[in-house]
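Numbering (our numbering), first residue to last: 1 to 316.
Ideal Cβ positions, reconstructed from N, Cα and C, are used throughout, including at glycine.
Step one of this worksheet: look at the structure below.
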Ligand SMILES: Cc1cc2nc3c(=O)[nH]c(=O)nc-3n(C[C@H](O)[C@H](O)[C@H](O)COP(=O)(O)OP(=O)(O)OC[C@H]3O[C@@H](n4cnc5c(N)ncnc54)[C@H](O)[C@@H]3O)c2cc1C
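And the structure:
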């Protein structure tokens with residue numbers, strides 16, 4: 001049975017939210033809160049209410065958006081406790097991570113540490129402890145800002161996402177799920193159920209680096225991830241993913257082509273990093289200039305390639 005209520009009373013800390021004003025004087029307006037018991041129930045509520053319904057998981061992005069929004073949805077559907085959206089498991093297909101798994105749970109998972117260590121490196125860079133305790137992997141991917149920190153590693157590891165909707169379930173590569181800034185392939189009535197890193201990509205050399213204005217509580221100016229393997233001393237299956245340098249996470253495919261089949265070397269990685277710079281479209285904004293971001297792409301690409309190589313060689 002779904003739980004209903006009027007937010008924030010249903011979360012049990014009404015006075016805190018009602019009185020919480022930000023510097024622009026806006027405050028959270030009341031809305032109907034529903035906590036369905038299953039993913040199918042959530043889909044039914046979303047489908048019935050169409051544009052009048054919104055999903056909430058950890059709320060670290062959405063509550064901020066809601067406070068500043070002039071319109072309030074009729075109903076907010078809380079998916080954070082749905083058991084189908086929780087858990088990290090090793091399956092025959094690969095490493096499955098429920099969309100409602102938090103960044104802190106990723107950091108604490110022995111399975112992620114063993115099979116996809118770079119995901120923990122990325123989770124560690126998200127906000128601060130409180131944000132990581134509430135914020136979910138699914139919420140991060142659906143918000144889909146260009147600087148999202150879980151995107152590059154998952155793209156480098158060729159992850160796929162499964163969505164549940166009124167027409168059933170569908171799975172697609174994460175690269176197709178990311179459509180543009182704050183825009184994903186989710187359709188009306190759909191929710192993100194899980195993320196799968198295919199088994200062929202597990203345990204291989206993979207690394208993540210984020211560059212911000214500070215070490216913590218800072219959005220990425222550039223973030224980068226690489227995954228690769230070695231076959232008889234030659235690089236294979238190289239994937240380089242870059243964030244905050246284009247409308248959404250991109251792969252540096254020309255740089256990847258240069259690397260595949262070659263023996264790794266510092267000079268080769270430097271050449272690949274220069275190519276990666278030319279594949280990105282960084283912007284000037286109040287945080288950094290496009291030129292500075294190009295320098296970070298160059299440095300970041302070299303570093304993630306070198307670290308991924310060390311891990312592929314089993315040295316780390
Ligand atoms: C102080 C602060 C610091 C932050 N720092 C960083 C940072 O360093 N790096 C970074 O990448 N992000 C950062 N964020 C952003 C945010 O914390 C993350 O994106 C987080 O992972 C969002 O998850 P959530 O569960 O809180 O999403 P919510 O806020 O609950 O939801 C976000 C969006 O996703 C949708 N959604 C959520 N779950 C699902 C689902 N299963 N299916 C379909 N739609 C869904 C919601 O409708 C909403 O549109 C920060 C946020 C704050 C407030």
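The beta-bridge partner set that DSSP reports for residue 180 consists of 183.
In this structure, DSSP gives residue 190 a state outside helix and strand, which the three-state scheme calls coil. The criterion of a C-beta distance shorter than 8 angstroms is not satisfied by residue 209 and residue 127. In this structure, residue 152 keeps its C-beta atom at 8 angstroms or more from the C-beta atom of residue 39.
Listed in chain order, the alpha helix (DSSP H) runs fully inside the segment 221 to 262 are 253 to 259, counting runs of at least 4 residues.
With 16 or more other Cβ atoms from the protein chains shown falling within 10 Å of its own Cβ, residue 36 counts as buried. Within the same chain, Cβ atoms closer than 7 angstroms to the Cβ of residue 176 are found at 185, the five residues on either side in sequence being excluded. Close CB contacts of residue 160 within its chain, under the 8 angstroms cut and outside five residues either way in sequence, are with 171, 172, 173, 174, 195, 196, 198 (chain order).
Judged by the Cβ position, residue 68 fails to qualify as a neighbour of ligand 1 at the 7 angstroms threshold, every heavy atom of the ligand being at least this far. Between residue 142 and residue 182, the alpha-carbon positions lie close to 7 angstroms from each other. Less than 8 angstroms separates the beta-carbon of residue 163 from that of residue 192. The criterion of a C-beta distance shorter than 8 angstroms is not satisfied by residue 57 and residue 123.
8 angstroms or more divides the Cβ of residue 260 from the Cβ of residue 277. Between the C-alpha atoms of residue 29 and residue 72 there is a straight-line separation of about 7 angstroms. Per DSSP, the unbroken alpha helix (DSSP H) holding residue 114 starts and ends at 110 to 115. Residue environment for residue 149: buried (at least 16 other C-beta atoms within 10 angstroms of its C-beta). In this structure, residue 244 and residue 104 do not form a Cβ contact; the two beta carbons are roughly 23 angstroms apart against a cut-off of 8 angstroms. Sequence-distant Cβ neighbours of residue 87 in its own chain, meaning closer than 6 angstroms and more than five residues away, are 98. Residue 287 places its beta carbon less than 8 angstroms from that of residue 213. Rounded to the nearest whole angstrom, the CA to CA distance from residue 233 to residue 51 is 54 angstroms.
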